[in-house]
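S.K.: Protein chains in written order, with the numbering used here: chain A, -3 to 494; chain B, 201 to 513.
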């Protein structure tokens, strides 16, 4: 049973609910206390132990229902079959004994085998009937099966069967299933693992057999085999839903992180946004606000007293109460002309997703004339603001000289030694005046100037690119054209500005 | 103790006892209390304001007849206010007394080494429990028969304080550098933490707690809550009132009314001897339910429609 829980936790992790080892242990303790019998109770209990946010709780609910609905079916079938077995047990025991001796068994268990026959029919109702070439022999005596799987099938024990199914599933690594189309393959593999070949041979053999009981057994076995196939298919499908769905998404995320942002298709934007948000959140927790204790402000009397105990109570080493939350100022200057617009989009998205850690982001957009767009972001949702920025300021031909001049005029005075300036652009100036001296001024005043260039390094000096001239006045120049780059740069930024 | 064990025998028992103390809850909440007691784990309660997070801790304390020790969190809360503090004044006095008796202690000592030995032999109580002022967390550990510890609005405290909590939450002990580790007495406290989600609580803290999310109650549960809290309200009015509140929660409001507001409103209507909701009555008493002028203005226009919808049912 503990294995069930372990599997469930694995499925949860796959659905992006983060569960630590400590929580797993808690879950085991909870299950020990609560037991598996009352599903609703179990669900309520586990939902207290495993998911730790509201979102995760939703995922948990869905996952639990999916995972344990199967278990529940199995349990009910178990109950069903045990009640069935109760009146069959005698017959079963006898049947097996006689199978061993190979003697005739006709009279001993007519009722028992009839009942089983009926059961077999009922079960196979949903499975596809194969074309029956021979007439149904109807109820009557049957010989004992010889193959392992056949014996298992005829035993009518769902517990044994589902255990065999799980074991076979483990053996063929059904958890590794990745894509939908592999379902047939895994169904086959599990059936093979359970001994299908042997069973098929027996069925084929039985059809040729002259003895009626043996032929009857063959038909029954075939029916049960088809039923089993349906069961295995369901099992594989559930495994797929539990294990593959998320890893497929993870794979895509992994790819999207590395892909060039200008190549991202429009339909992936949503996913990218999710990733950006996730990355930003991680960075935010990593660099959660740090505080500096300042040597001024209110006197912290208890602490001062405590520290001056050693000096005989003479107070001369003072302690202060006030702590100041140090928040960096970031100026982002984004080129939003055609070629770079996509990068600007994600850059801005990233910076504003980091609001918690960097509340003082001021952003500027330009293609030729530069304008501040901070207000736009304050008033609108991030996506809207980005769209508006791109609409209003994008599209012109790039003029870095003009942009720098505008920047100097409007807010160079606000740049101080706590300011980090991030410039995003390809530095392609259409052979205009680069005005690098303004960048030098910015460089002198600011704490850091970081230039992110979406082009690859060897294109930086080709054609109308002015990167060589500009890079002299930057503390750091980076190639930045994928989410991974962006994450690294912003991570470093957070490290240095704090 | 056996009384408590009786109460916590099953989830239904807990639920029943909570109801006896006029706290009507879903089985999810009762399960949380059950597991918290059985597994000896703290519970982190999240949810919108006014759904009874703090109330749950208080009621649990009432139910078990244990003292409730409450620590209200705020920005800047530190160990000196949460765990322990030295009694500086007394410590200073003690040094003065010590100075005066120094001559007696050192009398006849020859040489510096011997003086120091004598000094060491002299019992040092400078840093001892005598001079220690326990704060809520330490007090909770020292309660002989256990207690309910409520750490309220933990999201208002700083990150550093969260780290401070980790030791007490996982092992029911605190370390005091000058003295050593103080462990909980026989019966560790039942710990409830509440959070309004103004910021994300760290994973480390969440890992050590059961996580209970209390949402707004559904119609049926809210009716029962009102019945328990304001028993004198007529049933028909109660139904209308709860239905109206549930409708309000679907609107786009700055602050949606919580259970506490529903209760206040029910009390108001009882005072006014109302039998039924009607638009004028609602308009006049809307300020009990809605706390922002903006919201009130937004809802004013819809009062008639909402009321008729609710009354017709």
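We put the CB at the ideal spot given by N, CA and C, even for glycine.
Here the structure is a predicted model, which means the values were calculated and not measured.
1) Could you pull the DSSP bridge partners for residue 472 of chain A from this structure?
2) Are residue 467 of chain A and residue 394 of chain A close, meaning C-beta to C-beta below 8 Å?
3) Rounded to whole angstroms, how far is the Cβ of residue 242 of chain B from the Cβ of residue 391 of chain B, which I believe are closer than 8 Å?
4) From the DSSP secondary-structure annotation, give me the bridge partner or partners of residue 374 of chain B.
5) For the segment 253 to 288 of chain B, list the beta strand (DSSP E) runs that are entirely contained and at least 3 residues long, ordered along the chain.
6) Does the distance from the C-beta atom of residue 430 of chain B to that of residue 37 of chain A stay below 8 Å?
7) Just checking my contact of residue 449 of chain B with residue 442 of chain B at CB under 8 Å: how many whole Å lie between their CB atoms?
8) 8 Å is my cut-off, CB to CB: does residue 200 of chain B come that close to chain A?
9) Should the segment 446 to 455 of chain A be called in touch with the segment 416 to 428 of chain A, which here means at least 3 C-beta pairs below 8 Å?
10) How many Å lie between residue 95 of chain A and residue 141 of chain A at the Cα?
11) Just how far apart, CA to CA, sit residue 360 of chain B and residue 236 of chain B?
12) If you follow the beta strand (DSSP E) that residue 327 of chain A is in, where does it begin and where does it stop?
13) Tell me, to the nearest whole angstrom, how far the beta carbon of residue 390 of chain A is from that of residue 349 of chain A; I am working on the premise that it is less than 8 Å.
14) According to DSSP, which residues form a beta bridge with residue 435 of chain A?
15) Rounding to the nearest angstrom, what Cα-Cα distance links residue 331 of chain B and residue 313 of chain B in this structure?
16) Quick one: what does DSSP say residue 347 of chain A is sitting in, helix, strand or coil?
17) Mind the definition here: the segment 424 to 442 of chain A touches the segment 476 to 483 of chain A only if three or more C-beta pairs lie below 8 Å; say whether that holds.
18) Suppose contacts are defined by Cβ-Cβ distances below 8 Å. Is residue 213 of chain B in contact with residue 44 of chain A by that definition?
19) Pull up the distance between the alpha-carbon of residue 319 of chain B and that of residue 306 of chain B, whole angstroms please.
20) Would you check if the segment 480 to 494 of chain B and the segment 432 to 440 of chain B touch, i.e. whether three or more CB-CB distances between them fall below 8 Å?
21) When you compare each of B/427, B/432 and B/466 to residue 445 of chain B by their alpha carbons, which one comes out closest?
22) Give the DSSP-derived three-state secondary structure of residue 138 of chain A in the structure shown.
23) Straight-line CA distance for residue 209 of chain A to residue 139 of chain A?
24) Does DSSP classify residue 344 of chain B as helix, strand or coil?
25) Can you find the residues in the same chain that come closer than 8 Å, C-beta to C-beta, to residue 424 of chain B, ignoring five residues on each side of it along the sequence?
26) How many Å lie between residue 83 of chain A and residue 153 of chain A at the Cα?
27) Between residue 373 of chain B and chain A, is the shortest Cβ-Cβ distance under 8 Å, so that the two count as touching?
28) For residue 24 of chain A, go through chain B and note every residue whose CB falls closer than 8 Å to its CB, in chain order.
29) Name the one or two DSSP bridge partners that residue 223 of chain A has.
30) So residue 19 of chain A contacts chain B; which residues on that side make the cut at Cβ distance below 8 Å?
31) At a CB-CB cut-off below 9 Å, which residues of chain A make contact with residue 231 of chain B?
32) Run through the segment 213 to 249 of chain B for me and flag every whole alpha helix (DSSP H) of 4 or more residues, listed as ranges in chain order.
33) At a cut of 8 Å, does the segment 364 to 384 of chain A reach the segment 303 to 317 of chain A through at least three beta carbon pairs?
34) Is the beta carbon of residue 269 of chain B sitting closer than 8 Å to the one on residue 349 of chain B?
35) Can you round the beta-carbon distance between residue 148 of chain A and residue 156 of chain A to whole angstroms, since I take them to be within the 8 Å contact cut?
36) So what's residue 34 of chain A in DSSP terms, helix, strand or just coil?
M.R.: Working from what's here:
1) A/446
2) Against a cut-off of 8 Å, the Cβ pair of residue 394 of chain A and residue 467 of chain A comes out as no contact.
3) Contact holds; Cβ gap of about 4 Å.
4) B/382
5) 268 to 272 and 284 to 286
6) Judged by their CB atoms, residue 430 of chain B and residue 37 of chain A are not nearer to each other than the 8 Å cut-off.
7) Actually they do not touch by this definition, with Cβ atoms about 11 Å apart.
8) Since the displayed chain B opens at 201 and closes at 513, residue 200 of chain B lies outside it and no answer follows.
9) Contact holds: three or more Cβ-Cβ distances are below 8 Å.
10) Summary for residue 95 of chain A: the model assigns pLDDT 37, below 50, so the residue's position carries little reliability; its value from the coordinates is reported in the next sentence. The alpha-carbon atoms of residue 95 of chain A and residue 141 of chain A are separated by roughly 8 Å.
11) Whole-angstrom Cα-Cα distance: 25 Å.
12) DSSP places residue 327 of chain A inside the beta strand (DSSP E), whose first and last residues are 325 to 331.
13) The pair is not a contact, with the Cβ atoms about 21 Å apart (cut-off 8 Å).
14) Looking at the DSSP assignment, residue 435 of chain A forms no beta bridge with any residue, so it has no partner.
15) 29 Å
16) helix
17) no
18) no
19) 7 Å
20) no
21) B/466
22) coil
23) 5 Å
24) coil
25) 224
26) Annotation note: pLDDT 40 at residue 83 of chain A (below 50); position unreliable, no value reported.
27) no
28) Here the premise fails: no neighbours, minimum Cβ distance about 11 Å.
29) Assignment of beta-bridge partners to residue 223 of chain A by DSSP yields no partner.
30) Using a Cβ-Cβ cut-off of 8 Å, residue 19 of chain A is close to 407 of chain B, given in chain order.
31) 30, 37, 40, 41, 43 and 44
32) When DSSP assignments are scanned along the segment 213 to 249 of chain B, the uninterrupted stretches of alpha helix (DSSP H) that are 4 or more residues long and fall wholly within it turn out to be 227 to 239.
33) no
34) Taking C-beta atoms as the reference points, residue 269 of chain B and residue 349 of chain B count as a pair closer than 8 Å.
35) 6 Å
36) In the structure shown, residue 34 of chain A adopts coil according to DSSP, grouped into three states.
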